[in-house]
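The number in this note's numbering is simply the position in the sequence shown, starting from 1, with 255 added.
In what follows, a structure is listed as structure tokens, so that the remarks can point back to it.
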Amino acid sequence: MRARLPPLNAIKAFEAAARLGSFTRAAEELGVTHGAVSRQIRLLEEWFGAQLFQRTARNAVPTHAGTDFMAEAGAALDRLAAAAQRLRAGRDAAVLHVSALPTFAMRWLIPRLSDFQRDHPGIELHIVTASTAAEQFQMDVDAVISGPVRQPGWTGKRFLGEARLPLLTPGLLRRLPIRRPADLGQHTLLHSATMLDAWSRWFEAAGAAGIKPSREQIFEHFYFAIQAALEGLGVMMGPVSLVADELRDGRLVAPLCEPAIRSRGYHFYVRTANGAASALTTLRQWLVEAGQHTEAEFPAYLAPHTE
Numbered sequence: 256m257r258a259r260l261p262p263l264n265a266i267k268a269f270e271a272a273a274r275l276g277s278f279t280r281a282a283e284e285l286g287v288t289h290g291a292v293s294r295q296i297r298l299l300e301e302w303f304g305a306q307l308f309q310r311t312a313r314n315a316v317p318t319h320a321g322t323d324f325m326a327e328a329g330a331a332l333d334r335l336a337a338a339a340q341r342l343r344a345g346r347d348a349a350v351l352h353v354s355a356l357p358t359f360a361m362r363w364l365i366p367r368l369s370d371f372q373r374d375h376p377g378i379e380l381h382i383v384t385a386s387t388a389a390e391q392f393q394m395d396v397d398a399v400i401s402g403p404v405r406q407p408g409w410t411g412k413r414f415l416g417e418a419r420l421p422l423l424t425p426g427l428l429r430r431l432p433i434r435r436p437a438d439l440g441q442h443t444l445l446h447s448a449t450m451l452d453a454w455s456r457w458f459e460a461a462g463a464a465g466i467k468p469s470r471e472q473i474f475e476h477f478y479f480a481i482q483a484a485l486e487g488l489g490v491m492m493g494p495v496s497l498v499a500d501e502l503r504d505g506r507l508v509a510p511l512c513e514p515a516i517r518s519r520g521y522h523f524y525v526r527t528a529n530g531a532a533s534a535l536t537t538l539r540q541w542l543v544e545a546g547q548h549t550e551a552e553f554p555a556y557l558a559p560h561t562e
């Protein structure tokens, strides 16, 4: 059985008075009255049956007994405070605020959160979104998921690559077959305002820069373009990782597997000073593993689909 301990508040009052050399200053530090400090120290002296301060001194000068106890009490309170700080930091670190771009959050991250929660129940993720990378890094968050950027004070780790190529519904492909890049000229091409050059880059890589589509439609957000493609409204320049489910179940198909425009994909950024925090390290490793699994499925998705 652990030996009885004196009251903690009395120890705190004694330690503060002995360290600061004043009952008044101890009261100010502890946020109590001078009388409260005096009562706590008197309680401690009664508990020990020994005088801890010289009553004749103008300042709070410990007796020999007080000096001996102060040497142990101060160190013990320091250890207790450090342990409490570590525990609180660990608890706070288990709640991570992560910023992601809206389409990525909707199409890739959120569908996988149940896996993360199952494997890491001690870490709670709060997902917030921003329209641009510049906005993301101005937010009060622990981590940012975005494209490749250089941001002072942040360190990034690539966890998911990307491949872009024409994608459409099987029904639209049956009506208007696509066997070569020139066949895209008879289709409506779907654009996102955030990636207006995606189609021109693909046509240039395909050696078909002169192709003009029958119609083009621009959407403010990329997830609108994805939904339009799923409704059969046209052909999107698809990021394979964000429509993996639709490619897997055949709601979208890739009639041309070449060229596939590869990008530097998605990166996980943390503040450089916090990069070693255990919860952030756990999340980063999980993202890397999930990204590797997604990329491993790319070859199946990129196989040419013909009708």
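Note that CB positions come from ideal geometry on N, CA and C, so glycine has one too.
- prompt: Can the beta-carbon of Q472 be found closer than 9 Å to that of T443?
  reply: By one-based count along the sequence shown, residue 472 stands at place 217. By one-based count along the sequence shown, residue 443 stands at place 188. For Q472 and T443, yes; Cβs fall inside 9 Å.
query: Between the C-alpha atoms of A272 and A281, what's the straight-line distance to the nearest angstrom?
result: Taking the sequence shown and counting its residues from 1, one reaches residue 272 at position 17. Taking the sequence shown and counting its residues from 1, one reaches residue 281 at position 26. C-alpha separation (whole angstroms): 5 Å.
message: Please list the terminal residues of the continuous alpha helix (DSSP H) segment that includes W409.
response: Looking up residue 409 in the sequence shown gives position 154. Run containing W409: none in the alpha helix (DSSP H); it sits in the beta strand (DSSP E), W409 to L422.
query: Whole-angstrom Cβ separation of V383 and H352, contact assumed at under 8 Å?
result: Counting from 1 along the sequence shown, the entry for residue 383 is found at position 128. Counting from 1 along the sequence shown, the entry for residue 352 is found at position 97. So it is a contact: roughly 6 Å between Cβ atoms.
field: Sequence-distant residues of the same chain with beta carbon closer than 7 Å to A463, five excluded per side
entry: Along the sequence shown, read from residue 1 onward, the residue named residue 463 stands at position 208. Counting only Cβ-Cβ distances below 7 Å, and skipping sequence neighbours, we find P436 and A437.
message: Taking 7 Å as the limit between beta carbons, can you name the residues of its chain near F553, skipping five residues before and five after?
response: To locate residue 553, count along the sequence shown from 1; it is residue 298. The answer, listed in chain order, is A418 and V495.
field: Exposed unless 16 or more other CB atoms sit within 10 angstroms - verdict on G493
entry: Sequence index remark: in the sequence shown, residue 493 carries index 238 (1-based). G493 is buried by the Cβ-count criterion.
- request: Confirm, please, whether the CB-CB distance from Y521 to G505 is below 9 Å.
  value: For the purposes of this step, residue 505 is identified with residue 250 of the sequence shown, where counting begins at 1. For the purposes of this step, residue 521 is identified with residue 266 of the sequence shown, where counting begins at 1. Result no, Cβ atoms of G505 and Y521 do not sit closer than 9 Å.
message: Less than 6 Å between C-beta atoms, sequence neighbours within five positions excluded: which residues of the same chain meet that for Q391?
response: The sequence position of residue 391 within the sequence shown is 136, counting from 1. For Q391, where only same-chain residues beyond five positions count, the Cβ hits under 6 Å are S354, A385, V399 and S401.
message: Quick check on this structure: which residue in P261, G377, L335 and W457 has the alpha carbon closest to the alpha carbon of I516?
response: Locating residue 516 in the sequence shown gives position 261, where the first residue counts as 1. The residue with the shortest Cα to Cα distance from I516 is W457.
query: Is G520 helix, strand or coil when you go by DSSP?
result: Locating residue 520 in the sequence shown gives position 265, counting from the first residue. Residue state, collapsed to three classes: strand.
field: Backbone secondary structure at A330 - three-state DSSP
entry: On the sequence shown, residue 330 is found 75 positions in, with the first residue counted as 1. Helix at A330.
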